[in-house]
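Participant:
In the working numbering, the protein residues as written are 41 to 208.
The following block contains the structure:
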């Protein structure tokens, strides 16, 4: 994919995410964005190829009705660790979006992205997820770098102005 195609793809990812976030907000449903989409929202330099929306089974059914005209793979079950999970796939602005029943709201954070608040998995929980996936070493390093930067800035802000730097 060329750099220009990559930029167009990323614009479509952003548009799709904002559209979905606004729709889900209007429905007042509980959901979380995970995987590479969450990393992008957290500010990691990554281009997601799809978006992964996680919620509970009841909401998956509701969203299948609400997004009916966008669905490319209807509701179905898949096996995850010997459990059946419900999901469907849709496409908005040429971006595939997977809506899955697999959900844990324990590590949720609200992050402002394109003037919309997006519920995302914490970077720590994403790091744990990506460490378990073979071939994702580059992504693991990007997450570790971001966490390190956040911890550094957090320590500096706790020290107050003029402290913790060589300029004082």
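All C-beta atoms in this analysis are idealised placements derived from N, C-alpha and C, irrespective of residue type, glycine included.
#1: For the 8 Å Cβ check, are there 3 or more pairs between the segment 143-155 and the segment 103-116?
#2: Any chance the segment 140-147 sits against the segment 112-127, with 3 or more Cβ pairs inside 8 Å?
#3: Which of helix, strand or coil does DSSP assign to residue 122?
#4: Please report the distance separating the alpha-carbon of residue 119 from that of residue 72.
#5: Check whether the Cβ atoms of residue 77 and residue 96 sit closer than 8 Å, and answer yes or no.
#6: Please identify the residue among 160, 164, 47, 101 whose C-alpha is closest to the C-alpha of residue 186.
#7: What number of angstroms, rounded off, separates the C-alpha of residue 147 from the C-alpha of residue 47?
#8: Using only alpha-carbon positions, find the residue among 134, 159, 180, 162 that is nearest to residue 55.
#9: Roughly how many whole angstroms lie between the Cα atoms of residue 64 and residue 175?
#10: Measuring only the C-alpha atoms, how far is residue 84 from residue 182?
#11: Is residue 142 helix, strand or coil by DSSP?
#12: Got a sec? Which residues, its chain only, sit under 8 Å from residue 23 by beta carbon, not counting five neighbours each side?
#13: Mapping the DSSP letters down to three states, classify residue 109 as helix, strand or coil.
#14: Any idea what DSSP makes of residue 137, helix, strand or coil?
#15: According to DSSP, is residue 161 helix, strand or coil?
Facilitator: Reading off the structure:
#1: no
#2: yes
#3: coil
#4: 20 Å
#5: no
#6: 164
#7: 30 Å
#8: 134
#9: 32 Å
#10: 7 Å
#11: coil
#12: In the structure as shown, the chain begins at 41 and stops at 208. Residue 23 is therefore absent and cannot be evaluated.
#13: helix
#14: strand
#15: strand
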